[in-house]
Structures are given as structure tokens and as C-alpha cells.
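Trainee: Take the sequence shown: its position 97, counting from 1, is numbered 102 in my numbering, and each next residue is one higher.
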Amino acid sequence: MLKIRPMVSTDLKDLDLLTHGHTVRGHVAEEDGVPVAATGVLHTDPFYAFAQMSDEMRKHPRDVVRVIRGFENFLGTYYKTVYAVADVDESNAPAVLRRAGFKYYQTNTQGDIYVWNKQEH
């Protein structure tokens, strides 16, 4: 059974998440005590959302949807505006961002940028 819980510092290492010295707040999905996915916000200026998913997590499409819904609720609890970059290596990244309530903002050298605003939710 997949369990979703708040992120702890050891999850960053377990999932090879780079924070570049910034604070992170997020959630982790774990299966049998092993982290298989993470969603969160990197406390940069401005705030940036991230998600990382293992191949194991991809085997659970219903749970992926549950994680996305939980992430949108998490954003609404703690943030007003958050940006995200659609990963060019993830073909479904734009769809996942839209499902979490993000809207296309602009394209720059990083790629397609999306924004989530609390006022719109």
C-alpha cells in the first residue's frame, strides 16, 4: 500500500533531490517504507515546485493522481504563488502541471514555465 507523508531530510538523499542549499517543504509517497516519489516546493525567490517519480511509482497511476491532488491541496495551504518548469524529458509534465492547477506562464531558457496562484483556487 502506498503511503503519503510529509517529507523529512533523509528523503532528499534517498531520492537524490538537489536543493542547492535551499529549504524544501513537500510530501513523499512511499511503498513498503521506501520513498518512490516526492512533490514539494523549493524555497527560492520565487518559489519553485518540483516532482520526482521513480519507475516503481509509475506502476500506480491511481496513486499518481492521488499524489497530484494532495500536492494541489498542499500548495493551497502554504503558498500564494509557485512556479514550475515542465521537464522536457517527461512528455506528460505539462498535463501533470495542469492537473495540479498550474497554468502556462511563459517560455524562457529553462523551458516552459507554469504558475500556480492561490487566488485562482
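Just so it is clear, CB atoms sit at the ideal spot from N, CA and C, and this is done for glycine as well.
Would you identify the three-state DSSP class for Thr49, choosing helix, strand or coil?
Mentor: Residue numbering aside, residue 49 sits at position 44 when the sequence shown is read from its first letter. In the structure shown, Thr49 sits in coil (DSSP, three-state: anything other than H, G, I, E or B).
Trainee: Classify Gly45: buried if its beta carbon has 16 or more other beta carbons within 10 angstroms, exposed otherwise.
Mentor: Position 40 of the sequence shown, counting from 1, holds the residue named residue 45. Buried, by the Cβ-count rule.
Trainee: Could you give the uninterrupted runs of the beta strand (DSSP E) lying entirely in the stretch 38–115, keeping only those of 3 residues or more?
Mentor: For the stretch 38–115, whole beta strand (DSSP E) runs of length 3 or above, ordered along the chain, are 39–47, 53–58, 86–90 and 108–113.
Trainee: Under DSSP, the alpha helix (DSSP H) around Lys8 begins and ends at which residues?
Mentor: By one-based count along the sequence shown, residue 8 stands at place 3. That residue, Lys8, is in no alpha helix (DSSP H); its beta strand (DSSP E) goes Leu7 to Pro11.
Trainee: Using 8 Å for Cβ pairs, my map puts Ala42 next to Gly31. What's the rounded Cβ distance?
Mentor: Within the sequence shown, the letter at position 37 stands for residue 42. Within the sequence shown, the letter at position 26 stands for residue 31. The pair is not a contact, with the Cβ atoms about 10 Å apart (cut-off 8 Å).
Trainee: Thinking just about the alpha-carbon of each residue, which of Asp16, Glu36, Leu22 and His48 is nearest to the one in Val29?
Mentor: Translated into positions along the sequence shown, residue 29 becomes position 24. Val29 has its Cα closest to that of His48, out of Asp16, Glu36, Leu22 and His48.
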